[in-house]
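K.L.:
The structure under discussion is supplied below as structure tokens; questions concerning it will follow.
Protein chains: 2
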Amino acid sequence: MANTDSVKVRVLSLNCWGIRYLSKHCRQRYAMIGHMLCKEEHDIVLLQEVWSEKDYLSLKKKLACSHPYSHYFKSGVIGSGLAIFSVHRIHDTFLFRYSLNGYPYMAHHGDWFGGKAVGMAVLNIGSLTANVYVTHLHAEYCRDKDSYLPHRVVQAWELQQFIRHTSAGADLVILGGDLNMHPQDLGNRLLRSYTGLQDAYLETANFDGCEDGMTLIADNPFINKKELRPFENGIRIDYILFKGSSKTDIYCDFMSTTKGSVPNHPFPYSDHEALTTGLRLETHTQTETGSDRQTKIQDSAAGKLAVLVDIVTEARTEVKVGLHCAERMRYTATRTGVMGLALLFLELAIAAVPWLALGTEQPFPRTSFYLLAALCFAILLTTFLLYIFYTMELKALQGAEDQMRLAVGSLQEKLRGFPLAQPHNAQQRPPEGHEPSALTPEE
Amino acid sequence: MANTDSVKVRVLSLNCWGIRYLSKHCRQRYAMIGHMLCKEEHDIVLLQEVWSEKDYLSLKKKLACSHPYSHYFKSGVIGSGLAIFSVHRIHDTFLFRYSLNGYPYMAHHGDWFGGKAVGMAVLNIGSLTANVYVTHLHAEYCRDKDSYLPHRVVQAWELQQFIRHTSAGADLVILGGDLNMHPQDLGNRLLRSYTGLQDAYLETANFDGCEDGMTLIADNPFINKKELRPFENGIRIDYILFKGSSKTDIYCDFMSTTKGSVPNHPFPYSDHEALTTGLRLETHTQTETGSDRQTKIQDSAAGKLAVLVDIVTEARTEVKVGLHCAERMRYTATRTGVMGLALLFLELAIAAVPWLALGTEQPFPRTSFYLLAALCFAILLTTFLLYIFYTMELKALQGAEDQMRLAVGSLQEKLRGFPLAQPHNAQQRPPEGHEPSALTPEE
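Chains A and B, in that order, are what the protein sequence lines are.
Residue numbers 1 to 443, in full-length UniProt numbering, belong to the letters of the first sequence in order.
Residue numbers 1 to 443, in full-length UniProt numbering, belong to the letters of the second sequence in order.
Next comes the structure, spelled out in structure tokens:
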């Protein structure tokens, strides 16, 4: 806190890659991370992939003096992996689990078991209320054929909803995390345009770190260079985003990333680079009311609204692709289940033959008979579970699509409030609802 | 809208009991509900248990003129069952699914499949921003031995969190729904004390309806009187709650419930009674800022804070009971799984005997052998799925417990700001954390 008018806040975000027994040098890296955090004394530390609570507790013990306040967000089977450490008292926390997060049978990808979520902590920095968010979205395993794209888009949609709706009372908003999206990816644009969050890397006055702010780089010894292709040097998928309020202006004084190695250590903190940013908060004397602030988006230029309409429409299209895919998968599961049932009936019919023609010997070898029955039951059980799962996926995708359609309608309605500046692109893309929309009667 | 200074809003909440083919007279009752809504023209209609989207769509068609704006919240396997119809444009919607909601194997109770949630819609009523919430919590099947109590308490906890954090920018807040809790139940007290929501039944100037505002009554022909025992006449479990803001005062002019029958109809709208309330909104000329409003709880009397500490502590105790229960269930699943595995190994050992002593005849009858193997696999699969499920339940309960501990710490810290009025009961009940609390270093 440099002077009475401005407050400085240093924030760190790091994906710790903390899978016990699987991540390389996990224990040693946690020791390094703990040591660094203790020394650097960032105001707010946002960690992802802290999969084991034991590791969180050992970090908490180590940081008891430098960061007396902390929270570990629990969700899913093995946890959300999200943790926050703070110099300032945490008054309140809240967790929102994304409705979609991969598939349980893709166990080698493991995302489903992680229960991905966005964690929120409310802290007071001086007299200011800060809403701090930490998140980790579904990984991208293959950019060319990314079957998880609709899931990630829905996660980005829910993330922006959560931040937008929970931050109305906050003087400043900070989001840190591994978004698993490139800077210009759909979900990223959706998040930034809708919430008004600014990217610390783009806003910083001084930057010291990897080329283009990359956070997954070829120079990191834990990175398999082949997996980065076609981005030979690396990609930027970890972010610190921020925004102020009508009461608070916020500036990014500096930003830095680690560069694939840590001086005097044999390996880096993680396979991701750590991000550090220095924010400067300046409070206004005149204030607006909360409601004014919430309706601020109404006052923003028509151009911005039109861009937002385009982005949400693009997201809707992506979600629809996911919907068709989920419908196809559910259909396949149903068909396989019906075939399993038919096989079972066939078998029962065969079994009934000697029973009907009394005394006739069973023509079917017993071993095969039992194996076939077991197979039928296995098919029926698996397809039943898959059917349930795909139905839930469908409901979540439909829910997001409905919300997006409603949002597009509402944004277009607002656009009509700008008679002079009504842009073409917003009109060219009306909400393409298959069912009658609640928004149409007046349109 | 009677005069220029005050705005009137009529709200209806109804649990529709809309399980197609299972609920009695489902189609006819929907026709009655649609007719009534069309005629009465409530500003906001909050429906629960609209399990089929087809029924929602047919209602939407019927109400196209009276309620042009609507939203159906999708979640879980068969949907959240929540729907909202509005005279005022819905600008935005958001859905929060509760992290706990019963057990999938309790299929006859069905709650798990419903994907219980709280839905939010942002509407503009004149110049005011209204956040309207609709929810339906887990049912209570046996009050004496309610195994779902920890789940319902966690749902109430998450409901209050969701409302508190998303309503900072709203001028008025309305919550309607089937809370499945009696007026003085823990979850209900938690919800009302933490959010400051007021109960329309308790605040109304005029009431016309069932005795004690009951919404599940013995006089309703769809109600099994035996299930109501020991509450012979009925219980009050459906609510309309509301609160204003620093900008808006809100008054309840009247409230009514249906009384177990509908004039000129052979049966009532549902097994629950419908609630209608008339709210009057009055806006201030002077306004506070959003941040002032959010920190308003800080200014409330120490007594209220102490009560809140007590309630949250009570909720924590209940969640801990749930934790022990879930731990026990997971332990049982693990033990059964280990026994299944042991049985499988035993069988394999028996099978290996003739293979090791070449030529010896298999001593074990083949049929039993295969049946036993199938049993082993079934046990292993079931216990594995149960283990995964109980682990997720444990994580969710632990997460809620952590948040409650943090909240109690923060509330106690605020209480210390009232040196004169520090009450005894708040001090007698410190947070009883088994693990070192993040809040203790300064305490």
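Even glycine gets a Cβ: it sits at the ideal position worked out from N, Cα and C.
Please read these numbers as outputs of a predicted model, since none were measured by experiment.
Look at the alpha carbon of D178 (chain B) and the alpha carbon of Y269 (chain B), and state the distance between them as a whole number of angstroms.
P.N.:
15 Å
K.L.:
Considering V50 (chain A), what are the terminal residues of the alpha helix (DSSP H) in which it resides?
P.N.:
Note, V50 (chain A): premise wrong, no alpha helix (DSSP H); not H, not E.
K.L.:
Can a CB atom of chain B be found closer than 7 Å to the CB of H284 (chain A)?
P.N.:
No, its Cβ sits nowhere closer than 7 Å to a Cβ of chain B.
K.L.:
Is any beta-carbon of chain B found at less than 7 Å from that of L406 (chain A)?
P.N.:
yes
K.L.:
Nearest-angstrom Cα distance between L381 (chain A) and L375 (chain A)?
P.N.:
10 Å
K.L.:
Which chain B residues sit within Cβ distance under 8 Å of V77 (chain A)?
P.N.:
Chain-order list of chain B residues neighbouring V77 (chain A): I388, T391, M392 and K395, by C-beta distance under 8 Å.
K.L.:
Can you tell me whether DSSP reads N224 (chain A) as helix, strand or coil?
P.N.:
coil
K.L.:
Do we get a CB-CB distance below 7 Å when we pair Q160 (chain B) with the residues of chain A?
P.N.:
no
K.L.:
Where does R293 (chain B) land, buried or exposed, given buried means 16+ other C-beta within 10 angstroms?
P.N.:
Residue placement at R293 (chain B) is flagged as unreliable, the pLDDT there being 46, under the threshold of 50; the coordinate-derived value follows with that caveat. Buried: at least 16 other Cβ atoms inside 10 Å.
K.L.:
Could you give the DSSP three-state label for R335 (chain B): helix, strand or coil?
P.N.:
helix
K.L.:
Taking the straight line between their C-alpha atoms, what separation do you get for residue 452 (chain B) and P68 (chain B)?
P.N.:
Residue 452 (chain B) is absent from the model: chain B starts at 1 and stops at 443.
K.L.:
List the endpoints of the continuous beta strand (DSSP E) containing K414 (chain B).
P.N.:
It is not in any beta strand (DSSP E) - K414 (chain B) instead sits in the alpha helix (DSSP H) that spans R366 to L415.
K.L.:
Which residues share a DSSP beta bridge with E282 (chain A)?
P.N.:
A:S6 and A:D249
K.L.:
Leaving aside the five residues before and after K225 (chain B) along the sequence, list all residues of the same chain whose C-beta is less than 7 Å from its C-beta, in chain order.
P.N.:
Taken in chain order, the residues that qualify are A218.
K.L.:
Strictly under 7 Å for the Cβ-Cβ distance: is residue 451 (chain A) near chain B by that measure?
P.N.:
Beyond the ends of chain A as shown, which are 1 and 443, falls residue 451 (chain A); an answer cannot be given.
K.L.:
In angstroms with no decimal places, state the Cα-to-Cα distance between V262 (chain A) and V132 (chain A).
P.N.:
27 Å
K.L.:
Given 8 Å as the limit, is there contact between the stretch 192-206 of chain A and the stretch 341-361 of chain A, that is, 3 or more CB pairs closer than that?
P.N.:
no
K.L.:
Do L411 (chain B) and V307 (chain B) come within 7 Å of each other at the CB atom, strictly closer than that value?
P.N.:
no
K.L.:
Any C-beta of chain B within less than 8 Å: which residues of the stretch 88-103 of chain A qualify?
P.N.:
R89, I90, H91, D92, T93, F94, L95, F96, R97 and S99
K.L.:
Is the stretch 381-401 of chain B touching the stretch 65-81 of chain A in the sense that three or more CB pairs, one from each, lie closer than 8 Å?
P.N.:
yes
K.L.:
Just the chain B side, please: which residues come within less than 9 Å of D402 (chain A) by C-beta, in chain order?
P.N.:
H71, Y72, F73, K74 and T93
K.L.:
Starting from H272 (chain A), trace the beta strand (DSSP E) in both directions and tell me its first and last residue.
P.N.:
Note, H272 (chain A): premise wrong, no beta strand (DSSP E); not H, not E.
K.L.:
Between the C-alpha atoms of A349 (chain B) and R366 (chain A), what's the straight-line distance to the nearest angstrom?
P.N.:
Between the alpha carbons of A349 (chain B) and R366 (chain A) lies a gap of roughly 21 Å.
K.L.:
In whole angstroms, give me the CA-to-CA distance for K93 (chain B) and I379 (chain A).
P.N.:
At residue 93 (chain B) the sequence reads Thr, which differs from the Lys that was named. Going from the Cα of T93 (chain B) to the Cα of I379 (chain A) covers about 39 Å.
K.L.:
Nearest-angstrom Cα distance between H108 (chain B) and G114 (chain B)?
P.N.:
Each residue's Cα considered, the two are about 12 Å apart.
K.L.:
Is the separation between the beta-carbon of Y98 (chain A) and that of E158 (chain A) shorter than 7 Å?
P.N.:
yes
K.L.:
Verify whether the separation of the beta carbon atoms of G244 (chain B) and I250 (chain B) is less than 7 Å.
P.N.:
yes
K.L.:
Could one say the Cβ of T166 (chain B) lies closer than 7 Å to chain A's Cβ atoms, at least one of them?
P.N.:
yes
K.L.:
So, is the C-beta of G169 (chain B) closer than 7 Å to a C-beta in chain A?
P.N.:
yes
K.L.:
So is Y105 (chain B) buried or exposed if we call it buried at 16+ other beta carbons inside 10 Å?
P.N.:
exposed
K.L.:
Under the DSSP definition of a beta bridge, which residues are partnered with L14 (chain B)?
P.N.:
In the DSSP output, where bridge partners are listed per residue, L14 (chain B) has B:L47.
K.L.:
For G337 (chain B), would you say it is in contact with chain A, using Cβ-to-Cβ distances shorter than 7 Å as the test?
P.N.:
no
K.L.:
Rounding to the nearest angstrom, what Cα-Cα distance links T383 (chain A) and G417 (chain A) in this structure?
P.N.:
51 Å
K.L.:
At the level of alpha carbons, what is the spacing between E53 (chain B) and R20 (chain B)?
P.N.:
11 Å
K.L.:
When the Cα atoms are used, what is the spatial distance from L100 (chain B) to Q155 (chain B)?
P.N.:
7 Å
K.L.:
In whole angstroms, what is the alpha-carbon distance linking I223 (chain B) and L82 (chain B)?
P.N.:
22 Å
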